[in-house]
Every structure is written in structure tokens, then in C-alpha cells.
Amino acid sequence: MKVSTKGRYGLRAIVDLAAHESEGQVSLKSIAERQNLSENYLEQLFSSLKKSGLVKSIRGAQGGYLLARTADKMTVGDILRSLEGTLCPVDCIDPDVPSNCDRADECVTVDVWAKIRDKVNEVVDSITLADLVSELENKSNNDYIYYI
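Quick note on numbering: this note's numbering labels position 121 of the sequence shown as 125, and the sequence is numbered without any gaps.
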């Protein structure tokens, strides 16, 4: 299973947002500059994050984005699922995808895929955004410039 650019950049951007949120709402322009990402691409990502209820936007000249809940109540899993969709390695174990597999009853690999799904979800749901911000602060000596 591979996390796309959407997931990687989105996670990077929301960590940046969380790290700078104490300054007030954070503009996508400032995130784009710090992270060397396209502002237009960030707009697409933040649209998904907003739809999922993870961020909220403030309009106007001094507008920007804020977290919709505290960083300790938001997990990497929440963020990745918002951007990537399900974290299932194959469709046949995805509860959101109707199964049309004619081998489902005798499939011996379905348990392998389910275990992979469960472990991936366990890991991403055990790491909060606050954990990443704390790690960032430890690694960067408060510069908030980092690479994922």
C-alpha cells in the first residue's frame, strides 16, 4: 500500500498548520512557502480537510485556516482517510466497496489483507497531530521547517 502525494503533502501541511496555529489563522500562502508546495494544490487538499471537519476556514484579507478540533484529538488516520479515502490494501475487504469477488468464500488471502488493513489503521490511529508537532519541535529547534 502506498500513500499518495495527496496524503503526504496534506499531512505535511496540516502539521505546519498545527505548529503555527498559536499565531492565529494560518494562510495557505504561508504554508506553501514554508513547505515549498503549490498554493493551488493546498487549496484542493484543504477543501477535502474542511469537508471532513478537520479544519475550518476564516474568510477575508486576514483569513486563513484553523484546526477544527485540538491537535491531541486528531490522528494521522483521520487526516489520511480524509485525503486518501479508505486505507484498505485491496477492495475485497473494504466495507465501502461492494464485493463482487466470486472467490470470496474460499479465498485464503483475505485474512492477510485484513490483518494488513488492521495494523495500518492501528498505527495511524495511535499517532495524534499533537504527537507530530511535538516531534517537529524536538527535531527542528522551533524553526518549524521540516520534511516528511
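Idealized CB from N, CA, C, for every residue including glycine.
Beta-carbon spacing of residue i, residue j below 7 Å
i, j, result
"Ser86", "Ser130", "no"
"Val30", "Leu21", "yes"
"Val128", "Gly81", "yes"
"Ala23", "Val94", "no"
"Leu32", "Glu25", "no"
"Asn125", "Leu70", "no"
"Leu49", "Gly14", "yes"
Residue i, DSSP secondary structure in three states
i, result
"Ile62", "strand"
"Thr90", "coil"
"Val19", "helix"
"Leu71", "strand"
"Thr132", "strand"
Exposure of residue i, with buried meaning 16 or more beta-carbon neighbours within 10 Å
i, result
"Met78", "buried"
"Leu16", "According to the sequence provided, residue 16 is Arg. The question's Leu does not apply to it. With 16 or more Cβ atoms within 10 Å of its Cβ, Arg16 is classed as buried."
"Val116", "exposed"
"Gln66", "exposed"
"Gly11", "buried"
"Thr132", "buried"
"Gly28", "exposed"
"Ile83", "buried"
Within-7 Å CB hit, residue i to chain D
i, result
"Thr132", "Note that chain D does not occur in the displayed structure, where there is just one protein chain."
Identified DSSP bridge partners for residue i
i, result
"Val80", "For Val80, which the question treats as bridged, DSSP gives no partner whatsoever."
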